[in-house]
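In the working numbering, the protein residues as written are 8 to 317. Beta carbons: idealized from backbone N, C-alpha and C, even for Gly. Just so it is clear, the structure is predicted and the values come from calculations on it, not from any experiment. Data first, discussion second: the structure below is written as structure tokens.
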Amino acid sequence: MNNKFSIAIHGGAGTLVKGMMTPELEARYKNDLQTAMNAGYAVLEQGQSAVEAVEAAVVVLENSPLFNAGKGAVFTATGTHEMDASIMDGKSLNAGAVSLITGIKNPVSLARDVMEKSEHVFLAGDGAHEFAKGLNYKFEDASYFYDEFRHNQWLEIRDTDSFQLDHSTKKDSKFGTVGAVACDKDGNIAAATSTGGMTNKKWGRVGDSPMVGAGNYANNKTCAISCTGSGEFFIRGVVAYDVACLMEHKGMSLDEAANEVIHKRILEIGGDGGLIAVDSKGNISMPFNTEGMYRASKNSNGEVEVSIYG
Ligand code: ASP
8 MNNKFSIAIH
18 GGAGTLVKGM
28 MTPELEARYK
38 NDLQTAMNAG
48 YAVLEQGQSA
58 VEAVEAAVVV
68 LENSPLFNAG
78 KGAVFTATGT
88 HEMDASIMDG
98 KSLNAGAVSL
108 ITGIKNPVSL
118 ARDVMEKSEH
128 VFLAGDGAHE
138 FAKGLNYKFE
148 DASYFYDEFR
158 HNQWLEIRDT
168 DSFQLDHSTK
178 KDSKFGTVGA
188 VACDKDGNIA
198 AATSTGGMTN
208 KKWGRVGDSP
218 MVGAGNYANN
228 KTCAISCTGS
238 GEFFIRGVVA
248 YDVACLMEHK
258 GMSLDEAANE
268 VIHKRILEIG
278 GDGGLIAVDS
288 KGNISMPFNT
298 EGMYRASKNS
308 NGEVEVSIYG
């Protein structure tokens, strides 16, 4: 039995456009981050698995309208919502992922079902919906995902060719993807990530979040990682797996490897964002190269952090 267990979560790297963050809004963000962290931590405390914990934490974030995942997912170019999610079990290296999902309240749970109830790792679009129907998932109608703020974000750019990261009313760099990583009492680790992607995205654009090794990865030998940031760069940098590789092949610690990737390697190719990471000893690292990252963490030594800025 492991002596330390821990959880870390994020609600996206970056910050809101200046002037948009009020003390009330900041308190709401922190409250929802804390609720998600506590949900995951309670699962670990009861002796359940890291996979259970990361799913429980991400479900809370998906149900919050504040983050770009589940209920708060941003609008695509055609005014719909297309969500991506993934989950990975560091003990077995099993993984499940879904992309271009519409109408599913908790895409992370569908990703987990792909992992545990199908022969596959990654299901997309109509096929993923068929799979969900076979498991009697309830499909929410579009009104469940409607949010005035998100809709206004989209209206501003719908007639242009541009797409935008979360929370912009003018250009800014707030990413709203959510994720969780956890180390359980047995020293098993897991990671989960969920997103609505980018406002006004088209052509079936898929980011790093559902991609094993890019936006999400877990392996007991090294680390569990969930990323947030400019997905195209995180895919090209194979960011989550790169952190694991630096630990495995260069003998770096969790913190050294996570910082090397976020403050050096991903910057060199132009990527901005951050990640959360745990290893099987329950250590946590949460680096970001943006102004802030919505994040929270808690371990069984009683250390707690709930922060937005650097
Ligand atoms: N990485 C996500 C994507 O590119 C965006 C985010 O982190 O909010 O889809």
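Residues of its chain near Asp279, where Cβ-Cβ distance is below 7 Å and the 5 sequence neighbours each way are ignored: Closer than 7 Å at the Cβ level, and outside the excluded window around Asp279, lie Ser180, Gly236, Ser237, Asn296 and Thr297.
At least three beta-carbon pairs within less than 8 Å, the segment 215 to 232 to the segment 84 to 102: A contact exists between the segment 215 to 232 and the segment 84 to 102.
Asp154 beta carbon near the ligand ASP (any heavy atom closer than 7 Å): Outside the cutoff, so no.
Beta bridge counterpart(s) of Thr200 as assigned by DSSP: Answer is Ser93 and Gly186.
Per DSSP, the bridge partner or partners of His17: According to DSSP, which records beta bridges pairwise, His17 is partnered with Gly186 and Arg302.
Assigned secondary structure, Ser292 (DSSP; H/G/I helix, E/B strand, else coil): Reduced to three states, the DSSP call for Ser292 is strand.
Any non-hydrogen atom of the ligand ASP within 7 Å of Asp249 CB: Outside the cutoff, so no.
Reduced DSSP category for Ser233 - H, G, I as helix; E, B as strand; rest coil: Three-state result, Ser233: strand.
Helix, strand or coil at Gly47 according to DSSP, with G and I counted as helix: DSSP places Gly47 in helix when its eight states are reduced to three.
Three-state secondary structure (DSSP) of Val311: Val311 falls in the strand class under three-state DSSP.
Per-residue burial, Thr29 [other beta carbons within 10 Å of its own, 16 or more giving buried]: Thr29 should be labelled exposed.
Identity of the residue in Ala135, Asn10, Gly183 and Val313 nearest Leu73 by Cα: Of the candidates Ala135, Asn10, Gly183 and Val313, Gly183 places its Cα closest to the Cα of Leu73.
Closer than 7 Å: Gly222 CB and nearest the ligand ASP heavy atom: Flag set: Cβ of Gly222 near the ligand ASP.
Exposure label - His17; buried when at least 16 CB within 10 Å: Counting C-beta atoms within 10 angstroms of its own C-beta, His17 has 16 or more neighbours from the protein chains shown and is therefore classed as buried.
Selection from Gly19, Pro114, Ala149 and Asp148 that minimises the alpha carbon distance to Ala135: Per the Cα distances, Pro114.
Alpha carbon of Ser116 to alpha carbon of Glu137, nearest angstrom: Going from the Cα of Ser116 to the Cα of Glu137 covers about 15 Å.
Reduced DSSP category for Asn10 - H, G, I as helix; E, B as strand; rest coil: Reduced to three states, the DSSP call for Asn10 is coil.
C-beta contact flag for Lys11 and Lys288 at 8 Å: Going by C-beta atoms, Lys11 is nearer than 8 Å to Lys288.
Gly77 (DSSP reduced to helix, strand or coil): It is helical.
Start-to-end residues for the alpha helix (DSSP H) that takes in Val246: Counting along the chain, the alpha helix (DSSP H) containing Val246 begins and ends at Val246 to Lys257.
Own chain, CB closer than 7 Å to Glu62, minus 5 neighbours either side, in chain order: Taking C-beta separations shorter than 7 Å and ignoring five residues to either side along the sequence, the partners of Glu62 in its chain run Ile94, Val115, Ser116, Arg119 and Ala199, following chain order.
Bridge partner(s) assigned by DSSP for Val65: Its beta-bridge partners do not exist; DSSP assigns none.
Enclosing beta strand (DSSP E) for Leu117 [first to last residue]: Unbroken run through Leu117 is the alpha helix (DSSP H), Pro114 to Lys124; no beta strand (DSSP E).
CA nearest to the CA of Tyr153, picked from Thr22, Thr87, Ala265 and Ala64: For Tyr153, the nearest C-alpha among the options comes from Thr87.
Near the ligand ASP: Ser237 beta-carbon under 7 Å from a heavy atom: At a threshold of 7 Å, Ser237 counts as near the ligand ASP, since its beta carbon sits closer than that to one of the ligand's heavy atoms.
From Ala20, Ile196 and Val245, residue whose alpha carbon lies closest to that of Thr202: For Thr202, the nearest C-alpha among the options comes from Ala20.
Residue-chain proximity (Ala198, chain B), Cβ-Cβ < 8 Å: Absent from the structure is chain B; it holds one protein chain and no more.
Extent of the continuous beta strand (DSSP E) run through Leu100: For Leu100, no beta strand (DSSP E) encloses it, and the DSSP letter there is neither H nor E.
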